[in-house]
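Single-structure report; data block below.
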Amino acid sequence: MAGTMQLTAIIERERAEYVSICPELDIASQGATIEKARDNLQEAIELFFETADSSEIATRLHDEVFVTRLEVAVG
507 MAGTMQLTAI IERERAEYVS ICPELDIASQ GATIEKARDN LQEAIELFFE
557 TADSSEIATR LHDEVFVTRL EVAVG
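Using this note's numbering, read the sequence shown as starting at 507 and increasing by one per residue.
Encoded structure:
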């Protein structure tokens with residue numbers, strides 16, 4: 507699978523660090539800053555593609571991921 511691919515990165519603060527998640531591959535990482543969390547996630551994804559065989563990539567890769575916001579009643 508040569509070339510590039512557009513993937514989603516969701517980054518959220520958890521206490522003193524940021525957690526980054528790629529929902530298409532179920533891969534996560536973290537970092538002290540948003541930029542570091544993003545860079546670490548990119549590195550983890552690139553390592554996955556370097557080491558995974560084509561069947562694992564096909565199994566884990568979700569073609570469509572939808573990110574949206576919900577308004578819910580609380581209390």
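Yeah, the Cβ is synthetic: ideal placement off N, Cα and C, and Gly gets one too. Keep in mind it's a predicted model, so treat the numbers as computed, not measured.
Give the list of continuous alpha helix (DSSP H) stretches no shorter than 4 residues that lie fully inside the region 525-572.
540-557 and 560-566
So, are the CB atoms of Ser526 and Leu553 less than 8 Å apart?
On the sequence shown, position 20 is the one that residue 526 refers to. On the sequence shown, position 47 is the one that residue 553 refers to. Not in contact: Ser526 and Leu553 (Cβ atoms no closer than 8 Å).
Can Thr510 and Val571 be called in contact, C-beta distance under 8 Å?
Working through the sequence shown from its first residue, we reach residue 510 at position 4. Working through the sequence shown from its first residue, we reach residue 571 at position 65. Contact flag unset, no.
Collapsed DSSP secondary structure at Arg575 in the structure displayed
Here residue 575 refers to the residue found at position 69 when the sequence shown is read from its first residue. Here Arg575 sits in coil by DSSP.
Per DSSP, the bridge partner or partners of Arg521:
Indexing the sequence shown from 1 puts residue 521 at position 15. Beta-bridge pairing links Arg521 to no other residue.
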